[in-house]
Structure formats: C-alpha cells, structure tokens
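Quick note, our numbering runs 274 ahead of the 1-based positions in the sequence shown.
Glycine included, every Cβ here is placed at the ideal spot set by N, Cα and C.
For reference, the structure is listed below as structure tokens.
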Amino acid sequence: MVLGYTLNHDYGPGLFTMVPVLTGFVIAFTSRGRGMLTIMLLTSLLCSLLFLITGWAAILCILVTFPIVMITMGVGAFFGYQIAKKFIHRYGNHMVILISLALMTLVGWTDREDRELRPLEVRTSMKFYAPMKEVWNVVRESGQIDGNDSFLKFIGLPVPRNCVLLPDNQRICHFDEGSILQEITEENYGKNIELKIINSFEVREWLDLDSAGYRFVQHSDHVEVIRTDLIRSILQPRWYWHWFEEKCVGIEHRYVMSSMKRKVETK
C-alpha cells in the first residue's frame, strides 16, 4: 500500500475509503470480534502518531481524516466479522491473513495517476472602515503581513509574511515555506484586482493554486473587500473534502485581510 502511494501520488477513494475498509476487515477477520473497537482505535492512533513524527501529515490533516477513516473502517469491520464466522472455521486463520495482506498490498494501485484536479472557488468577505483609496492601496501592495500566527502553525497551514510589487505587473508573496509569484491580469480602481498564479511552492502535494482576486464594494460607511481564490484538488471523495478545504483557505484569507484591515483602520 505504501509503495503504491509513494509511486502513484494519489489521494482518492483508494486511500480514504478502501484502505480503512480493508483495515477494519482485517482486524475483524483476525480478532474474530474480540476487542475490535479498541484495536481499530489503537491502529488509527498509532498511524496518526507515525504520520506526525515522519512529517507526512500535519495535525489538521489527521484530525479531518479521522472521521471518514473510522466510519469506513467500521464498515469493513462489520463485513469482516460476518464473513470471518464462516470463513475461518472452514479455511483456517493463516489463509485469512494471507488473503487480507494480499488485498492491502494491491490497494495503493487502485487509483489512476492522472486523476483530474477538481476546481474549488473560495470567497471571503471583510469590512474595511477606511476610505477607498487607502483600502485599495493596502490590498494592492499588501506589504508586511502581521498577526498571531500560532494557530496557522499549529494546524499546519502556510504562514504568509509579506507581498512585494514587482515590475511588469507582477507581485511576489513570501511565506515561511516558500513564495508565490503572481501576475496582475486585471486592475480597475475601486472595483477589482485579478491575479494569476505564475509559480508557487508546493502548498500541499494534492493541491494546485490557480488564480486569486479582490473585489471592492463601496458602502456608506465602509468598503467591503471580497477575496476569491480558485484552487484545484485531487482529494476524494469531494463531498467530504470540499468543506474542509474551503475552511482552510478561508482561514488564510482572514489572516491576510485582518492584517490589511489593521493597517488602514489604525492610521
């Protein structure tokens, strides 16, 4: 399984569905139902600890993966227990273990390497109580990005530090983990700024950054700034990961926009 995913670099139903289903199946098969829940919990905790120590996954990834892993593992355990009652009696425990290990070895190869990246558009809105000119300038230039970054670091999200305007309508944003080079493709004062991602550090192996933009809406006493990012992800199933990805991008948005907001409102 590990070899299959090392070479395939895919994060689809095989990893988040078939692997835990077969794990639960193997546990129920070999334990014959005795202490099944305890073994499943200990297996999940040990794997989580291993991923944290090796740096393969951040704590946020482990926390959001835990529910779907436990549910699918439970499904596998149910079927494993039902089948084991007849199968073990007829064929013996050694045959069960060999078949289970063979299935686990093949799981890593079930997903296609060329799985299509699924687009996700994330919007975050924030009110700036300052004149349009000041809001426009601080958003366009960004500059130093300050704030309490302890939460970002704890859950394993990239920590932005500053953005700098470059010649040829380009802008570079520096993070603790690397930098993102952007091109300003459209700019209409007081209305919108559109950015195309030219080059980026690997935020996550399963994630690509496509584009970003800001829209400005003038109200009577404030300017509403709406940040929009288009990302592409290979994580499956989408019905599960969509919500978590949206929340993580939103956390990054609010961190950056809160820094901008403080600059113009404390003058």
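Quick one: what's got a C-beta closer than 6 Å to residue i's C-beta in the same chain, skipping five residues either side?
i          : result
valine 438 : Ile446
What does the alpha-carbon distance come out to for the pair residue i and residue j?
i                 : j                 : result
valine 497        : arginine 414      : 14 Å
serine 318        : valine 538        : 47 Å
leucine 311       : leucine 337       : 19 Å
histidine 527     : histidine 516     : 17 Å
arginine 308      : serine 399        : 52 Å
phenylalanine 299 : serine 305        : 10 Å
leucine 323       : methionine 292    : 21 Å
histidine 448     : isoleucine 429    : 19 Å
proline 511       : valine 295        : 14 Å
cysteine 321      : phenylalanine 340 : 11 Å
lysine 407        : tyrosine 463      : 9 Å
lysine 427        : glycine 524       : 15 Å
serine 532        : serine 416        : 11 Å
aspartate 495     : arginine 501      : 20 Å
tryptophan 513    : aspartate 503     : 19 Å
For residue i, which beta-bridge partners are listed by DSSP?
i              : result
asparagine 466 : Asn462, Arg489
methionine 482 : Here residue 482 turns out to be aspartate, not methionine, going by the sequence shown. Paired residues: Arg506.
isoleucine 454 : Cys447, Ser474
glutamine 418  : Asn436
Is the distance from the Cβ of residue i to the Cβ of residue j below 8 Å?
i                 : j                 : result
tyrosine 488      : valine 499        : yes
tryptophan 480    : leucine 509       : yes
methionine 344    : threonine 297     : no
isoleucine 472    : glutamate 460     : no
phenylalanine 475 : isoleucine 505    : no
valine 409        : phenylalanine 490 : yes
aspartate 450     : valine 433        : yes
cysteine 335      : leucine 431       : no
alanine 404       : alanine 351       : no
valine 412        : methionine 534    : yes
isoleucine 342    : phenylalanine 290 : yes
Let's see if you can read the secondary structure: which residues bound the alpha helix (DSSP H) around residue i?
i                 : result
phenylalanine 542 : Lying outside 275 to 541, the shown extent of the chain, residue 542 is not represented and no answer is given.
isoleucine 402    : It should be pointed out that residue 402 corresponds to phenylalanine in this sequence rather than to isoleucine. Where phenylalanine 402 is concerned, there is no enclosing alpha helix (DSSP H), although the beta strand (DSSP E) it sits in stretches over 392–402.
serine 424        : 424–429
glycine 524       : 512–539
Under DSSP, the beta strand (DSSP E) around residue i begins and ends at which residues?
i                 : result
isoleucine 505    : 497–507
leucine 439       : 434–440
glutamate 408     : Looking at the DSSP string, glutamate 408 is not in any beta strand (DSSP E); the run it does join, the alpha helix (DSSP H), is 406–415.
phenylalanine 449 : 444–449
Could you check whether the Cβ of residue i sits closer than 7 Å to any heavy atom belonging to the ligand NAD?
i           : result
glycine 430 : The ligand NAD is absent from the structure shown, which contains no ligand whatsoever.
In chain order, what residues of the same chain have a beta carbon less than 7 Å from the beta carbon of residue i, not counting five sequence neighbours either side?
i                 : result
phenylalanine 518 : Val338
arginine 435      : Ile419, His448, Phe449, Asp450
isoleucine 353    : A quick correction: the sequence has phenylalanine, not isoleucine, at residue 353. Around phenylalanine 353: Phe299.
asparagine 443    : Glu457, Ile458
Sorted by chain position, which residues of the same chain lie with C-beta nearer than 8 Å to residue i's C-beta, five sequence neighbours on each side aside?
i              : result
serine 507     : Leu391, Arg392, Leu394, Trp480, Leu481, Asp482, Trp515, Glu519
lysine 465     : Arg489, Phe490
isoleucine 313 : Ile301, Ser305
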